[in-house]
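Residues are numbered in my numbering as their position in the sequence shown, beginning at 1, plus a constant of 5.
The block underneath contains the structure these notes are about, expressed in structure tokens.
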Amino acid sequence: MKLIKLHTILLLAIGISVQSCLDIDPKDQLSETNYWQDPNQFTLFSSQFYGWTHNFKDIVGDGPHCDLRSDLLMTSTLSEYSNGTNTIPSEDKNYTDTYDRIRQVNILLKHAQNFSSPADIKVAVAEAQFFRAYLFFDLVQIYGDAIIVKEPLDINSPELKKAQNSREEVIDFIMQDLQDAIKGLPAYKTLTAAQAGRVSVEAAQAFLSRVALYEGTWQKFRDNKGERTKELLTIAVDAAKEVMGSGIFSLFKSEKLGNFSYKYLFILENTQSNPENITKSGNTEYIFTRRYDEVISPIGFNITQGFLNKAVFMTRKMANLYLTNTGVPVDPTNETMYASMTSEFQNRDNRMQNSMMIAGRPYWGNANGRITWKEDATDLEIAFYKSFEPTSRSGYFCQKWATERKVASGKEGYDYPIIRYAEVLLNYAEAVYELHESEGKADDQAVTDALNLTLNLVRKRVNPTMEGLTVEFAKKHNLNLRTEIRRERTIELIHEGFRMDDLKRWNTAVSEMNQSLLGIKWKGTEFEKKWSDMSNATDAEGCIVMESGRQWSNKNYLYPLPADQLRLNTNLKQNPGWGE
């Protein structure tokens, strides 16, 4: 088959009628079965799926899973999704584009059914199953119930006008696709250089752990379906255990980078991007990524400048989540801790200084990249900030995803971690705890064993002297173990697109999201002296109020279905609280 002909069928697959998200062009336009005679055609067709994954623009920029829509990060423009004032949209590409993509996956799977040599297209089929699961999980997280579509539909297909399947049915469908994909995908270690970046069996297992943990906890904290919850959480544990047992992945930790390994993990490139010149090949943690490259496929927007120019800032809640260096929570009523602009950063979890910017320190950016990488006079002379001064916005600023090397704006080439090993470890720890808690065994040694095997590795990556979280440690310091497990997940995965979905599955968003978003403690501190023109109101404790009067309610746990789809398919049911 000529390459141009495959491009034709790709265009046909993309060219879907705007009448409905499930509508298609007439079937005579898609009857080119002569395009599915060679295994390479299946592989090439499946390659388009990789352009659908989450990426920096929708996770670090803005999108349904973005932390900027949560309670921990914000910009100067208030988010209607964060404060609960979003309304029913006339149309929604999160909905229509996802179904368009599902249809393309189904085209491949349909033609695979009649292919003469199934073994030759096994991997392409497994990739299609993985991406169909990936897409349907997005629908569940955003909208809840969804229409299950297994075939590339004819324009007369009754499925175009059907009601949604229940989220339970969709989750089961997702998990079956992932379990089928696991049987056909290659192991990560067998991927060739030409296959680098393609999905592996471990990626599917890791994603299965994410799906099962998400739905298991969603159900546990709502319907309390004991057996269903147990089944899902057990799947989450077993899937994570498979990845852990593969022996392929480990947390990125460089002896030379030491307590800054976490910082440099997220900006690794194949051009020097850290003091030890560790490149992407030294990253043992990323299981599945959206791949970028300065020349071939740059990130494409001013990701470094956005952070260092203070476009993205953190809330006081996020700053207070970081533990002390002994592993216990801070006391926000301790005025001494907030007296100076740097005092609250002292004796804290090292991830705080890995992710946040501290007054008085130098910082480099893409326009003012390091030269010697030694933080010597030559480096300091060219620093973007020779002595950072956090006297604007909330006073808390984020440096995660900001490069220190000189590179044109938008041309940064570090990879976006769709799935990384730290998440798998945290999935395992949480799922084990919730399983045991449901059985009244939250204090069992098995919970401590699980934490030592997983979560404590994560927290000790850059905090080697911090005490581990165990059942006994929690009792000794009067800590709630569930709260601490959730805290660890939030800290480790900040600004990676998990916070909002976590609050929703834990069923805590309605209380967390209605709290005012606060900045630094201003009154009675060094900030009041150095930031005398601060114009925001302050609360009773003297903290800057960035946003108050938030309206987040139960209806916001799910996004509303777009109005155009409700008109086109009268059997669709709008999500609770959104009316018709």
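All C-beta atoms in this analysis are idealised placements derived from N, C-alpha and C, irrespective of residue type, glycine included.
Small disclaimer: the values here were computed from a predicted structure and weren't measured.
Restricting to Cα atoms, I'd like to know which of the options is closest to residue i.
i, options, result
"V317", "K411, Y55, G305 and L78", "L78"
"N314", "G400, A542 and T377", "G400"
"E435", "S162, R491 and Y419", "R491"
"N580", "L563, R572, E546 and A568", "L563"
"E439", "A151, A344, N229 and L183", "N229"
"A427", "Q224, L508, E493 and T377", "E493"
"E552", "N468, N519 and W527", "N519"
"S51", "Q200, G149 and T408", "Q200"
"L328", "G374, G502 and E489", "E489"
"D150", "L566, N574, G584 and W583", "L566"
"T408", "D159, L498, A324 and Q310", "Q310"
"T58", "P469, Y40 and I107", "I107"
"D67", "G524, F503 and K578", "F503"
"Q42", "N119, T103 and P94", "N119"
"G418", "F271, L456 and K465", "F271"
"T239", "E260, L213, S259 and R398", "L213"
"L430", "I292, F61 and N485", "I292"
"S414", "T195, N371, R353 and L486", "N371"
"E394", "T331, R366 and L484", "R366"
"E594", "I153, T513, T90 and E174", "As displayed, the chain neither begins before 6 nor continues past 585, which places residue 594 out of reach and without an answer."
"R425", "P337, A209, V452 and F350", "A209"
"L486", "I499, P334, D538 and P69", "P334"
With distances taken between CB atoms, is the gap from residue i to residue j smaller than 8 Å?
i, j, result
"S521", "V550", "yes"
"L262", "N279", "yes"
"A388", "Y368", "yes"
"Q404", "S360", "yes"
"N561", "A168", "no"
"Y55", "R74", "no"
"A217", "A241", "yes"
"V467", "N264", "yes"
"P303", "K416", "yes"
"G547", "K535", "no"
"Q53", "D506", "no"
"I301", "W406", "no"
Need the endpoints of the alpha helix (DSSP H) that residue i sits in, please.
i, result
"V550", "Not the alpha helix (DSSP H): V550 falls in the beta strand (DSSP E), residues C548 to E552."
"K480", "V476 to K481"
"I176", "R172 to G189"
"L144", "K127 to Y148"
"T92", "That residue, T92, is in no alpha helix (DSSP H); it is neither H nor E in DSSP."
"D506", "R504 to R510"
"Q210", "V206 to K225"
"K535", "E531 to K535"
In this structure, does DSSP put residue i in helix, strand or coil?
i, result
"I9", "Note that I9 has pLDDT 32, beneath the 50 cutoff, so the model's placement of it is unreliable and the number below is only indicative. Note: I9 maps to helix in three-state DSSP."
"F402", "strand"
"L484", "coil"
"T543", "strand"
"D43", "coil"
"G305", "coil"
"G263", "helix"
"A151", "strand"
"D298", "strand"
"L27", "A caution first: L27 carries a pLDDT of 46, below 50, which makes its placement in the model unreliable, though a value can still be read off. Reduced to three states, the DSSP call for L27 is coil."
"K32", "Legend: pLDDT at K32 = 35, less than 50; position of this residue unreliable, value from coordinates given subsequently. Helix, per DSSP."
"P123", "helix"
"F293", "strand"
"L256", "coil"
"L577", "coil"
"A18", "Low local confidence applies: a pLDDT of 38 at A18 is under 50, so the model's placement there is unreliable, and no value is given."
"M518", "coil"
"R494", "helix"
"T329", "strand"
"M361", "strand"
"Y390", "strand"
"E164", "helix"
"R353", "strand"
"Y564", "coil"
"L114", "helix"
"M471", "coil"
"L196", "coil"
Residues bridged to residue i by DSSP?
i, result
"M79", "F318"
"Y421", "R295"
"N373", "G370"
"Y433", "For Y433, which the question treats as bridged, DSSP gives no partner whatsoever."
I want to check one thing, is the minimum distance from the CB of residue i to the heavy atoms of the ligand GDP below 7 Å?
i, result
"L326", "Because no ligand of any kind appears in the structure shown, any question about the ligand GDP cannot be addressed here."
Tell me where the beta strand (DSSP E) around residue i begins and ends.
i, result
"I525", "L522 to K526"
"R464", "Unbroken run through R464 is the alpha helix (DSSP H), L460 to K465; no beta strand (DSSP E)."
"I240", "Counting along the chain, I240 falls outside any beta strand (DSSP E), though it belongs to the alpha helix (DSSP H) covering G231 to G250."
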